[in-house]
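Chains as they are written, first to last, in my numbering: chain A, 1 to 291; chain B, 292 to 582. The beta carbon of each residue, even a glycine, is placed where N, CA and C say it ideally should be. Since the structure comes first, as structure tokens, the remarks are kept for the end.
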């Protein structure tokens, strides 16, 4: 039995066929259409048909605030035009004839890392995704913790002691996301995106290195307070910015260990293990868990 | 069947006889001896004997970092001389001939409010205790959540966007405790303790009011980020500083609601219901839960 994972982001739709062992058997991708939600889902359905295989269910990890019970996009301000309110489950199910599960892309990433990646050996784990923004998800024994109102794991709004160069999605400048997000790193370094900052750092530019170290350090310090109060078994760091590697991970983990209460110093702070395919694999796991 | 609750603080030892319904049937108290842990426990045993009744077990809520499994004080820097390392369970059990359970006083407070107070109707609840410091505890369905390393609920080390007038217990000045603790309020207002600040505020002193409002607002904003990421059913605010009343609670709850992600605005933010006796009652519940 294989399932389809779909990762719908602001710039790209990726689709993968995932087997029973969570292995990606085939993938395809296309730019996200900019002319509305109907075109996005039609493109996803076309990519699924193109992949073939005999999938029995579809899981979607999508950008925005997702209601996984109804399979609807609750909020997607400024990400995808017309995405808010889209009944992803109903519409994609109609287009493909298959059962569809939907959740947020960060939760899909967490589910993949919890089941098949860095978080596998641990009970209660926080997954942090640092990309354009800062997101997160909590799992317990490999399953997503959804919380009372569906925001569990959303660490981007944690208060921090530094002021960021961009506003958090909610408008504040003293939230974690305003300091540690990829877009904050780019703006702080005067670049349009993180890779240009990384290129400068690796060419020996101390200012670029300082910007990346600062973002990682503030993230580590915010996580230290959070981890002390929630008292988790492990933290896994993923997302595009985390793939900078040691120059981002080491100051983050160092700041976390320096600030966390002493018992927490033994807690593992791990880089994500599945790379950029994690949300796709996790989306397929969403489908598998639902059937 | 009745149980004994003991609340051991830096200045006072209180002892209560609690019946099956969690009602306090008799109480007594004495200043905490300043000449070492042995004297503290001897005084507690004398107060227990003085109360009489036919208690079947003793629960102790004590200041400091407590290991509830071993019943030992792990850390108590600067609170009670010689308290660190004290085997409270073994020693008090030897002195009284009764089984003894021990935990931190903030956890005892939370257990009481969860079982008999403001948190009773809710599933996952954060209890905040604002006294000399800032502490907290988490409960799920009326039971304490201890976490992976025993620090669950310790919110005093959450990072905040204001610098406090005192250092946090861990040495930082940008942790919640350094801004919102009673000792921070007193220092910020140039007083030796919170009641003097409250007196000035009620006499119309705007500077005193601003100090209290600032502490409450920063606490509310820090909780907003935390509550979004942990996604709880309710937050209960207690401790000596919270008993200032509406002048503290309203700016706190207002800042929390203004900053929390929209689904969290419906989450109740409640004042504790059991007053200063909560740690004593909770300590007795610790004993009852253990037997």
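- For the alpha helix (DSSP H) assignment, the uninterrupted runs of no fewer than 4 residues enclosed by the stretch 477-564 of chain B are, from N- to C-terminal side, 485-493, 497-521 and 537-550.
- Listed in chain order, the positions of the stretch 255-266 of chain A with a beta carbon within less than 9 angstroms of a beta carbon of chain B are 259, 260, 261, 262, 263, 264 and 266.
- Annotated as distal: residue 346 of chain B and residue 394 of chain B, with beta-carbon spacing of 8 angstroms or more.
- For the pair residue 222 of chain A and residue 444 of chain B, the Cα-to-Cα distance works out to about 15 angstroms.
- The alpha-carbon separation between residue 164 of chain A and residue 138 of chain A amounts to approximately 25 angstroms.
- Interface flag for residue 129 of chain A against chain B is unset, since no Cβ pair is found closer than 8 angstroms.
- Taking C-alpha positions only, residue 32 of chain A is separated from residue 436 of chain B by approximately 43 angstroms.
- Under a criterion of Cβ atoms nearer than 7 angstroms, no residue of chain B is adjacent to residue 24 of chain A; the nearest Cβ is some 30 angstroms distant.
- Between residue 466 of chain B and chain A, the shortest Cβ-Cβ separation is below 8 angstroms.
- Per the Cβ contact rule, the stretch 514-526 of chain B is in contact with the stretch 540-547 of chain B (3 or more Cβ pairs under 8 angstroms).
- Within 7 angstroms of the CB of residue 228 of chain A, the CB atoms of chain B belong to 442, 445 and 448, in sequence order along the chain.
- Residue 391 of chain B sits close to residue 380 of chain B, with the two beta carbons spaced by under 8 angstroms.
- Contact between the stretch 308-318 of chain B and the stretch 336-346 of chain B is present: 3 or more CB-CB pairs across the two stretches fall below 8 angstroms.
- When C-alpha distances from residue 510 of chain B are compared across B:521, B:499, B:330 and B:542, the shortest belongs to B:542.
- The continuous beta strand (DSSP E) containing residue 431 of chain B extends over residues 425-431.
- Rounded to whole angstroms, the separation of the alpha carbons of residue 13 of chain A and residue 39 of chain A is 12 angstroms.
- Taking 8 angstroms as the upper bound for CB-CB distance, residue 466 of chain B and residue 481 of chain B are not in contact here, some 22 angstroms apart.
- In this structure, residue 561 of chain B lies away from residue 403 of chain B, with their beta-carbon atoms at least 8 angstroms apart.
- Taking a beta-carbon distance threshold of 8 angstroms, residue 119 of chain A does not count as an interface residue toward chain B.
- For the stretch 228-251 of chain A, the residues whose beta carbon sits under 7 angstroms from a beta carbon of chain B are, in order, 228, 229, 230, 231, 232 and 233.
- A distance below 8 angstroms separates the beta carbons of residue 130 of chain A and residue 239 of chain A.
- Annotation: the continuous beta strand (DSSP E) that includes residue 365 of chain B extends over 363-366.
- Counting the other CB atoms within 10 Å of its CB gives residue 279 of chain A a total of 16 or more, which places it among the buried residues.
- Taking C-beta atoms under 8 angstroms as the contact rule, residue 399 of chain B and residue 574 of chain B qualify, at a distance of about 5 angstroms.
- Put simply, the backbone Cα of residue 540 of chain B is about 25 angstroms away from that of residue 147 of chain A.
- Inclusion of residue 501 of chain B and residue 488 of chain B in the CB contact set at 8 angstroms is not warranted, their separation being larger than that value.
- In the same chain as residue 565 of chain B, and ignoring 5 residues on each side of it, the C-beta atoms closer than 7 angstroms to its own belong to 403, 404, 407, 408 and 572, in chain order.
- With a 10 Å radius around the Cβ and a threshold of 16 neighbouring Cβ atoms, residue 442 of chain B comes out buried.
- Boundaries of the beta strand (DSSP E) around residue 420 of chain B: 415-421.
- Residue 61 of chain A is bridged by DSSP to A:7 and A:103.
- Of the residues assessed, residue 3 of chain A falls on the buried side of the cut-off, its CB having 16 or more other CB atoms within 10 angstroms.
- Between the beta-carbon of residue 105 of chain A and that of residue 132 of chain A there is about 11 angstroms, and that puts the pair past the 8 angstroms contact cut.
- Between residue 222 of chain A and chain B, the shortest Cβ-Cβ separation is below 8 angstroms.
- The beta carbon of residue 356 of chain B is closer than 6 angstroms to those of 365 and 366 in its chain, skipping five residues each way along the sequence.
- If you check the CB distance, residue 177 of chain A and residue 169 of chain A come in under 8 angstroms.
- Between residue 182 of chain A and residue 128 of chain A a beta carbon distance of about 13 angstroms is seen, past the 8 angstroms cut, so the two are scored as non-contacting.
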